[in-house]
Amino acid sequence: MRLSRNSLVTAVALLAALPGPAASEAPKIKADRYNPVLAQTPDGCQVWLIDDGWEGYAWTRTNKAGKPICMEVESCLTENSDRLFDTNSARLRPGEADRLKKFFRQEGVFSYGIHGHTDSRASDEYNMALSQRRANAVARVAQSVGARVAAANGYGERIPVASNDTAAGRQKNRRVEIVCYREVERY
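My numbering applies: residue 12 is where the sequence shown begins, and numbers increase by one.
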C-alpha cells in the first residue's frame with residue numbers, strides 16, 4: 012500500500028492528537044553513573060554485576076590469563092571477645108591490635124570477612140550495635156596494614172555456637188570470627 016504525502020501528514024497529525032503525556036510531562040531518565048558490584052556465585056567464583064534499572068548484566072571476573080577468579084572461603088580465626096575487648100566496649104585491649112596486625116599480614120589471602128557476635132545478656136538492639144562496633148574495630152586494624160575487608164558485620168546474639176543458658180556457653184558466643192577469602196583455580 013502506498014501512502015500519498017498528504018495521507019502520511021494526516022496520519023502523523025492523528026497520532027500526535029492521541030491522548031498521552033505532553034513532552035514537558037514525560038518522565039525524565041536520569042543518566043546515573045554505572046557502578047558495577049562484585050558478587051560471588053555459590054561455587055565461589057566472582058562475577059561483576061551491573062543493573063541500570065532496565066536490564067541487568069553479569070560477566071565473570073577473570074585474572075590476567077583469562078581464567079575465572081574463584082575464592083575458597085574458610086573461617087581462619089575465631090577470637091573470644093573477652094580477650095579482645097573489655098565488657099561492653101568496642102575498644103581493643105592493649106596489645107591486641109598488634110597481635111591482629113601480624114595475623115592480617117599473612118600471605119595468600121585476597122580479602123577478609125569480619126563477623127562480631129555477642130551473648131544474649133543484653134537487649135537484641137544493644138548486642139547488634141556492640142557486635143557491629145567490635146567488627147568495625149577489627150576491620151580498621153586489618154585495613155591499617157593494607158588488608159582488604161570484604162565485609163564487617165555484627166550479628167549480636169543471633170548466631171550462637173553454644174547455649175546462652177550457661178556461663179561457659181555465653182563465653183563461647185562472645186566472639187569475633189574472621190573469614191579468609193583465598194583465590195583458587197577452579198576451571
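Ideal Cβ positions, reconstructed from N, Cα and C, are used throughout, including at glycine.
Under the three-state DSSP convention, the category residue i falls into
{"i": "residue 115", "result": "helix"}
{"i": "residue 164", "result": "strand"}
{"i": "residue 45", "result": "coil"}
{"i": "residue 62", "result": "strand"}
{"i": "residue 151", "result": "helix"}
{"i": "residue 196", "result": "coil"}
{"i": "residue 69", "result": "strand"}
{"i": "residue 179", "result": "helix"}
{"i": "residue 186", "result": "strand"}
{"i": "residue 158", "result": "coil"}
{"i": "residue 146", "result": "helix"}
{"i": "residue 50", "result": "strand"}
Whole-angstrom C-beta distance between residue j and residue i, which should lie under 8 Å
{"i": "residue 156", "j": "residue 187", "result": "The Cβ separation is near 17 Å, so there is no contact."}
{"i": "residue 55", "j": "residue 81", "result": "5 Å"}
{"i": "residue 101", "j": "residue 125", "result": "Between residue 125 and residue 101 the Cβ distance is about 12 Å, and since that is not below 8 Å, they are no contact."}
{"i": "residue 123", "j": "residue 161", "result": "7 Å"}
Cα-Cα separation between residue i and residue j, rounded to whole angstroms
{"i": "residue 104", "j": "residue 94", "result": "8 Å"}
{"i": "residue 90", "j": "residue 189", "result": "8 Å"}
{"i": "residue 62", "j": "residue 181", "result": "43 Å"}
{"i": "residue 96", "j": "residue 115", "result": "18 Å"}
{"i": "residue 45", "j": "residue 196", "result": "29 Å"}
{"i": "residue 52", "j": "residue 193", "result": "15 Å"}
{"i": "residue 64", "j": "residue 49", "result": "17 Å"}
{"i": "residue 170", "j": "residue 70", "result": "33 Å"}
Residue i, buried or exposed, once every other Cβ within 10 Å from all chains shown has been counted against 16
{"i": "residue 120", "result": "buried"}
{"i": "residue 177", "result": "exposed"}
{"i": "residue 145", "result": "buried"}
{"i": "residue 141", "result": "buried"}
{"i": "residue 129", "result": "buried"}
{"i": "residue 185", "result": "buried"}
{"i": "residue 199", "result": "Past the boundaries of the shown model lies residue 199; the chain is included only from 12 to 198, so the question cannot be answered."}
{"i": "residue 74", "result": "exposed"}
{"i": "residue 167", "result": "buried"}
{"i": "residue 198", "result": "exposed"}
{"i": "residue 60", "result": "exposed"}
In chain order, what are the residue ranges of uninterrupted alpha helix (DSSP H) at least 4 long that sit wholly in the segment 74 to 132? 92 to 95 and 107 to 115
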